[in-house]
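>
Protein chains: 2
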Amino acid sequence: MPPRDANPPDRALTRRDLLAGAAGVAGAAAIASLPALGAAQQASVPAAPPPVVPADPTKVVGTPTAAVGTRSPFVRPTRVPTGDIQGFSLTPHGDLTGTITPADLHFERHHAGVPLIDPARHTLTVHGKVARPMVFSMDDLRRFPQVTRTYFLECSGNGRAAFRDPKPDLTPQRVAGLLSNTEWTGVPLHALLEEVGMTGDATWMLAEGGDACMLTRSIPVAKAMDDALLVWAQNGEPLRPENGFPLRLLLPGWEGNSNVKWLRRLELGTAPWMTRWETSKYTDPLLGQKARQFSFDMDAKSMITSPCVPQAITKGWRPVSGLAWTGRGRITRVEVSVDGGSSWHDAALHEPVLSKAVTRFSWMWHWQGKSALLLSRATDETGYVQPTRTELTTARGPGTDYHFNQIVGWQVDPSGQLTYHGGR
Amino acid sequence: MPPRDANPPDRALTRRDLLAGAAGVAGAAAIASLPALGAAQQASVPAAPPPVVPADPTKVVGTPTAAVGTRSPFVRPTRVPTGDIQGFSLTPHGDLTGTITPADLHFERHHAGVPLIDPARHTLTVHGKVARPMVFSMDDLRRFPQVTRTYFLECSGNGRAAFRDPKPDLTPQRVAGLLSNTEWTGVPLHALLEEVGMTGDATWMLAEGGDACMLTRSIPVAKAMDDALLVWAQNGEPLRPENGFPLRLLLPGWEGNSNVKWLRRLELGTAPWMTRWETSKYTDPLLGQKARQFSFDMDAKSMITSPCVPQAITKGWRPVSGLAWTGRGRITRVEVSVDGGSSWHDAALHEPVLSKAVTRFSWMWHWQGKSALLLSRATDETGYVQPTRTELTTARGPGTDYHFNQIVGWQVDPSGQLTYHGGR
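Order-wise, the sequence lines are chains A and B.
In terms of our numbering, the first sequence opens at residue 831 and continues consecutively.
In terms of our numbering, the second sequence opens at residue 831 and continues consecutively.
Given below as structure tokens:
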């Protein structure tokens, strides 16, 4: 079974709970005693497990069909949530395989909580430097041509904590859990902008969210007219509330916060608005008292997700598998090292390798019981190669707080125990 | 918002519930009073909605981050379950977009309920015509090379009820809800068979499930050595219990029941075993007192999922969008007709078009308020064209009960109301 995260939420189900019927009943009682909690908080309490695990499942009739499925009580991956309204929750990459992030495990990052929005009353206003200002209902938007595309989404702060404090017990969830990968469906933004008729001098677009902080970002019109989408669905189903239900902006390959959730307004203009989200936050100090602003592109990055902390491995063959992604198109190469970067091996890239989506890679390793340092290194179609920690900090200086993408990995000791290694 | 199914489960949340805070509290109490139900049944009771929908969501702080997300109370797509241990539940295609089926909405079909299996105790035995009979634990299987692939899964009985009784209020869920599409991860079966060393005379393989009916099917070795997988994950997460947790056989493009769930045994042999699942069931009577046995391949098929029953449409532009799939490779063409098949229009196929996975198609339609009959017709890479109802019944006769794939669609009356049309 997949490894459990080293830092499970307090109320996660343990194996002991499962094997003791009484604990299951106690779990049900705990759910009943929490009527005042919101739906999102209740979700962190696992459903009560069936009280008896049969010795031979073929001798016991199973459970009936159901309107909505539930996970096996033996594997209930969960996000690590901060549990507050200005916080985040982290995708448990060490518990997952493949490339798609289940919608209820997609990372969260919001600054004023998740708003409750009635889609029948939600509208999108498009105005400013346009010939025909318009207000669109959700039904109006569904009349436009629709596309379905798989793209990753990554918070520009993904990896910050691991960079600042690379503790040995960090998991893939703690190191890079502000990354997720989703099949999105919606309307190409250029179709909407053609409908309202942008004026010739429109070069920037303001996107405003409908949450309590009304997060706003200035977006170059060139991106809006390129591959930007207005999406209402993720992985086939309507957007989840924490991902912008009923409507979010999707800017493939660009930092998460610019993909404005609960989207309610687009204003076309001739210069960026210099909102607090692009001045006091999300601007990166560099060397020489300079700064990067509007650093939207997410750089090529990779992470080995199996094996990983908190696993211990045994001798023999096993796949070294992980994820690679770049905001600048397709991943063209991932290399794996087991000797801390002295030598590298080309990993297999699993098809389909999609632009601005995560790519699963794997490489077969025969571990013979000696110390090893597992690293992965991604290259994208622009020729960009994922940097070392030294290369990254030399280029950007010590003041930057975002866009960490240095090579990291897992130290294996002779007993097979893994610990996090933050790169060199 | 997506259309609701015409036949929602009894306890589905209504809009009235949402707007009345008191109903939400009553819902929470109902969950607390059901400790004796299994987890799967509890899942059909929606979580209590937040009691108050704010008039302006930007004026109210939202809900905090959470370990696992929950759907918006405004859109909670559900399967239609038979609710028994020999039944099925249906994917709500009319409520979904894109191509991926959320794991908890993947269709179910089982014959003795969903077993509760401890993955730490589950094993796969491989024996019979092999040089080295072996028993594999789940951990053993994870040492083999792994692949991630997106494939549809379709019950061979998908569409039976709609074929027999084409009622006007049938939804996409009722017509073709025994189809789902998933990103699977596991080990190629050929790697396992090479490990045990099949003898030269092995031509068939028996696959046995670990549920209470121990469903068994005989599979040609040629398929096992081609693209068959042993999978433990769907859409990134561990398999759901109703989809075979912890291990299922995955035979891309082949009828659902042959993709044996809760897989515990593979036996290699020289002839099919003629189990009851391939003699009394899943064999198709044809004309002239003949029958098709081992009719594994699923034929090319398509279905328009938007617009659909129970929607009513209004005049103007809208996408006609749906799904197409074939067990014989890639979909190469989907045509849409709005005049009942007198004329056809090529629909756009959304990339990536993957082999033996569903393909999303769309075509922009300008409805002017007249009666229309919307149909879709798929063609696959073998040149096979989805047949009419007449062509299908002429070829197979009236006795067959499986593998219906005739052209079907939606009748639109001048008021815009849609009804199901079972084809001609």
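Think of the CB as a built atom: it goes at the ideal place given N, C-alpha and C, for glycine as much as any other residue.
Here the structure is a predicted model, which is why all the values come from computation and not from measurement.
(1) What are the residues in the stretch 911-925 of chain B lying within 8 Å of chain A by C-beta distance?
(2) Put M1128 of chain A into one of helix, strand or coil per three-state DSSP.
(3) For W1195 of chain A, count the other beta carbons within 10 Å of its own beta carbon; 16 or more makes it buried, fewer makes it exposed. Which is it?
(4) If we ignore side chains and look at the alpha-carbon of each, how far apart do G899 of chain B and V905 of chain B end up?
(5) In this structure, does DSSP put S1010 of chain A in helix, strand or coil?
(6) How long is the line joining the alpha carbons of V1188 of chain A and E1067 of chain B, rounded to whole angstroms?
(7) Using CA coordinates, which residue listed in B:L920, B:R1158, B:Q1064 is at the minimum distance from L1000 of chain B?
(8) To the nearest angstrom, how far is it from the Cα of A885 of chain B to the Cα of A933 of chain B?
(9) Where does D925 of chain B sit, in a helix, a strand or coil, going by DSSP?
(10) Pull up the DSSP beta-bridge partners for T1249 of chain A, would you.
(11) Taking the alpha carbon of P1115 of chain B as the reference point, which residue from B:P975, B:L954, B:G1229, B:L983 has its own alpha carbon closest?
(12) Is there a C-beta anywhere in chain A that falls below 8 Å from the one on N1087 of chain B?
(13) Could you give the DSSP three-state label for L946 of chain A: helix, strand or coil?
(14) Taking only runs of the alpha helix (DSSP H) that begin and end inside the stretch 1025-1092 of chain A, which ones reach a length of at least 4 residues, in chain order?
(15) Whole angstroms is fine: what's the gap from K1053 of chain B's alpha carbon to L971 of chain B's?
(16) How long is the line joining the alpha carbons of M964 of chain A and L1059 of chain A, rounded to whole angstroms?
(17) Hey, could you find the ends of the alpha helix (DSSP H) F993 of chain A is sitting in?
(18) Let me check one thing: in DSSP terms, what residues is H1175 of chain B bridge-paired to?
(19) Report yes or no: do the stretch 1118-1137 of chain B and the stretch 1227-1242 of chain B share at least 3 C-beta pairs separated by less than 8 Å?
(20) For a quick check, are the C-beta atoms of L1009 of chain A and F982 of chain A less than 8 Å apart?
(21) Quick check on this structure: which residue in A:Q916, A:I915, A:H923 has the alpha carbon closest to the alpha carbon of P907 of chain A?
(22) Closest Cβ-Cβ distance between S1192 of chain A and chain B: below 8 Å?
(23) Suppose you measure from the CA of A860 of chain A to the CA of V882 of chain A; what does that come to, to the nearest Å?
(24) Can you have a look at G857 of chain A and say buried or exposed, based on whether 16 or more other CB atoms are within 10 angstroms of its CB?
(25) In the DSSP assignment, the beta strand (DSSP E) including M1104 of chain A goes from what residue to what residue?
(26) Of the residues A:D1231, A:G1171, A:G1040, A:T1249, which one's Cα is nearest the Cα of R1094 of chain A?
(27) State the CB to CB distance for the pair I947 of chain A and P903 of chain B, rounded to an integer number of angstroms; the pair is presumed to be in contact (CB under 8 Å).
(28) Just to confirm, is the Cβ distance from G1146 of chain B to S986 of chain B under 8 Å?
(29) Which residues does DSSP pair with M964 of chain A in a beta bridge?
(30) Compile a chain-ordered list of the residues in the stretch 1131-1152 of chain A whose CB is closer than 7 Å to at least one CB of chain B.
(31) Please work out which residues of its chain come closer than 7 Å, Cβ to Cβ, to T1220 of chain A, disregarding the five sequence neighbours upstream and downstream, and give them in chain order.
(32) Compile a chain-ordered list of the residues in the stretch 1073-1084 of chain A whose CB is closer than 9 Å to at least one CB of chain B.
(33) For L1205 of chain A, which three-state DSSP category applies?
(34) With DSSP as the reference, label R901 of chain B as helix, strand or coil.
(35) Assign A1225 of chain B to one of three DSSP states: helix, strand, or coil.
(36) If you measure from the beta carbon of Q957 of chain A to each beta carbon in chain B, is any gap under 8 Å?
Based on what the coordinates show:
(1) P911, T912, G913, D914, I915, G917, F918, S919, D925
(2) Taking the first residue of the first sequence as position 1, residue 1128 of chain A is located at position 298. Here M1128 of chain A sits in coil by DSSP.
(3) Here the question's residue 1195 of chain A lines up with position 365 in the first sequence. So W1195 of chain A counts as buried.
(4) The residue labelled residue 899 of chain B in the question sits at position 69 within the second sequence. The residue labelled residue 905 of chain B in the question sits at position 75 within the second sequence. Each residue's Cα considered, the two are about 14 Å apart.
(5) By one-based count along the first sequence, residue 1010 of chain A stands at place 180. In this structure, S1010 of chain A counts as strand in the three-state DSSP scheme.
(6) Here residue 1188 of chain A refers to the residue found at position 358 of the first sequence. Here residue 1067 of chain B refers to the residue found at position 237 of the second sequence. Distance between the alpha carbons of V1188 of chain A and E1067 of chain B: 16 Å.
(7) In the second sequence, residue 1000 of chain B corresponds to position 170, counting from 1. Taking only the C-alpha atoms, the option nearest L1000 of chain B is B:L920.
(8) Residue 885 of chain B sits at position 55 when you count from the first residue of the second sequence. Residue 933 of chain B sits at position 103 when you count from the first residue of the second sequence. Between A885 of chain B and A933 of chain B, the C-alpha separation is close to 33 Å.
(9) Mapped onto the second sequence, residue 925 of chain B falls at position 95. Here D925 of chain B sits in helix by DSSP.
(10) Counting from one through the first sequence, the residue named residue 1249 of chain A turns up at place 419. Note: T1249 of chain A sits in a beta bridge opposite A:Q1241.
(11) Stepping through the second sequence from its first residue, residue 1115 of chain B is reached at position 285. Out of B:P975, B:L954, B:G1229, B:L983, B:G1229 has the C-alpha closest to the C-alpha of P1115 of chain B.
(12) Here residue 1087 of chain B refers to the residue found at position 257 of the second sequence. Judged by the 8 Å Cβ criterion, N1087 of chain B is not in contact with chain A.
(13) Your numbering for residue 946 of chain A matches position 116 in the first sequence. Here L946 of chain A sits in coil by DSSP.
(14) 1051-1055
(15) In the second sequence, the residue the question calls residue 1053 of chain B occupies position 223. In the second sequence, the residue the question calls residue 971 of chain B occupies position 141. Each residue's alpha carbon lies about 20 Å from the other.
(16) By one-based count along the first sequence, residue 964 of chain A stands at place 134. By one-based count along the first sequence, residue 1059 of chain A stands at place 229. Cα to Cα, M964 of chain A sits roughly 18 Å from L1059 of chain A.
(17) If you number the first sequence from 1, residue 993 of chain A lands on position 163. Run containing F993 of chain A: 990-994, per the alpha helix (DSSP H) assignment.
(18) The sequence position of residue 1175 of chain B within the second sequence is 345, counting from 1. Looking at the DSSP assignment, H1175 of chain B forms a beta bridge with B:V1166.
(19) yes
(20) Counting from one through the first sequence, the residue named residue 1009 of chain A turns up at place 179. Counting from one through the first sequence, the residue named residue 982 of chain A turns up at place 152. In contact: L1009 of chain A and F982 of chain A (Cβ atoms closer than 8 Å).
(21) What you label residue 907 of chain A is simply residue 77 of the first sequence in a count that begins at 1. The candidate whose alpha carbon is nearest that of P907 of chain A is A:H923.
(22) Within the first sequence, numbered from 1, the residue matching residue 1192 of chain A stands at position 362. True, the Cβ-Cβ gap to chain B drops below 8 Å.
(23) Residue numbering aside, residue 860 of chain A sits at position 30 when the first sequence is read from its first letter. Residue numbering aside, residue 882 of chain A sits at position 52 when the first sequence is read from its first letter. Any answer about A860 of chain A is weak, because its pLDDT of 27 lies below 50 and its placement is not dependable; what the coordinates show is given next. Answer to the nearest angstrom: the Cα atoms are 19 Å apart.
(24) Within the first sequence, the letter at position 27 stands for residue 857 of chain A. Residue confidence is low: G857 of chain A scores 30 on pLDDT, short of 50, so the model does not pin down where it sits. No coordinate-derived value is stated.
(25) The sequence position of residue 1104 of chain A within the first sequence is 274, counting from 1. Segment: none, M1104 of chain A is in no beta strand (DSSP E) and carries neither H nor E.
(26) Sequence index remark: in the first sequence, residue 1094 of chain A carries index 264 (1-based). When only C-alpha atoms are compared, the closest one is A:G1040.
(27) Taking the first sequence and counting its residues from 1, one reaches residue 947 of chain A at position 117. Taking the second sequence and counting its residues from 1, one reaches residue 903 of chain B at position 73. Not a contact, Cβ separation roughly 11 Å.
(28) Position 316 of the second sequence, counted from the start, is the residue given in the question as residue 1146 of chain B. Position 156 of the second sequence, counted from the start, is the residue given in the question as residue 986 of chain B. Not closer than 8 Å, so no.
(29) Counted from its first residue, the first sequence places residue 964 of chain A at position 134. According to DSSP, M964 of chain A bridges with A:V956.
(30) Within the stretch 1131-1152 of chain A, G1146, W1147, R1148, P1149, S1151 place their CB atoms closer than 7 Å to a CB of chain B, listed in sequence order.
(31) Taking the first sequence and counting its residues from 1, the one referred to as residue 1220 of chain A is at position 390. So the list reads R1254, once near-sequence residues are dropped.
(32) N1073, F1075, P1076
(33) Translated into the one-based positions of the first sequence, residue 1205 of chain A becomes position 375. Looking at L1205 of chain A - three-state DSSP - the assignment turns out to be strand.
(34) Here the question's residue 901 of chain B lines up with position 71 in the second sequence. Under the three-state reduction of DSSP output, R901 of chain B falls in the coil class, being neither helix nor strand.
(35) Translated into the one-based positions of the second sequence, residue 1225 of chain B becomes position 395. A1225 of chain B: helix per DSSP, three-state reduction.
(36) Here residue 957 of chain A corresponds to residue number 127 of the first sequence, with the count starting at 1. As written in the sequence, residue 957 of chain A is His, which differs from the Gln given in the question. Closer than 8 Å: no.
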